[in-house]
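**Student:** Next up is a structure, given as structure tokens.
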Amino acid sequence: MTDQVKSSVNWGMVCHLAGLTTYLGIPFGNIIAPLVLWLLKKNSDPVVNSEGRESLNFNISFTIYGIIAGLLCYVLIGFVVLPVVLIAHIVLVVQATLKANKGQSVRYPFTLRFVD
């Protein structure tokens, strides 16, 4: 693997991994971090353009799902749904990060396509 390809793979992996920044206490960090990475590198690196856009769409979708699950706590079902959404988010981001680290393209399930 050449240095340029390895750099692209690493940046693509970081785009997915950045989705976990919200768990570090940064509000909406799961959207802001991939957005910043994607905006900075999308024109110079096609891998980051693809992976960053996918990560951004996924994190926007799961933020919406989390908000809906949080609102559903008022009718008690949210106390079951919210942990499922959070665990699914973490698991899918880790899986995508590992897949991107191998140089494979990632396509998240349950993703609404906002950024195209």
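With the sequence shown counted from 1, adding 2 to any position gets you the numbering used here. Glycine included, C-beta positions come from ideal geometry on N, C-alpha and C.
Since residue 14 contacts residue 53 with CB under 8 Å, what's their CB separation in whole angstroms?
**Tutor:** So it is a contact: roughly 4 Å between Cβ atoms.
**Student:** Considering only residues of the same chain and omitting the five flanking positions on each side of residue 103, which have a CB-CB separation below 6 Å?
**Tutor:** Same-chain partners within the cutoff: 15.
**Student:** Looking only at its chain, what residues have a beta carbon closer than 7 Å to the beta carbon of residue 47, apart from the 5 residues adjacent to it on each side?
**Tutor:** Excluding positions up to five away in sequence, the list reads 10, 13.
**Student:** To the nearest angstrom, report how far apart residue 7 and residue 80 are at their CA atoms.
**Tutor:** Approximately 43 Å, taken between the alpha carbons.
**Student:** So, residue 59 versus residue 116, is the Cβ gap smaller than 8 Å?
**Tutor:** Their beta carbons are under 8 Å apart, which means residue 59 touches residue 116 by this criterion.
**Student:** At the level of alpha carbons, what is the spacing between residue 84 and residue 108?
**Tutor:** Roughly 24 Å between the two C-alpha positions.
**Student:** Using a Cβ-Cβ cut-off of 6 Å (strictly less than) and excluding sequence neighbours within five positions of residue 30, which residues of its own chain qualify?
**Tutor:** The answer is none, since no qualifying residue turns up.
**Student:** Could you tell me whether the Cβ atoms of residue 63 and residue 113 are closer together than 8 Å?
**Tutor:** Yes, the Cβ-Cβ distance between residue 63 and residue 113 is below 8 Å.
**Student:** In whole angstroms, what separates the C-alpha of residue 78 from that of residue 19?
**Tutor:** About 31 Å.
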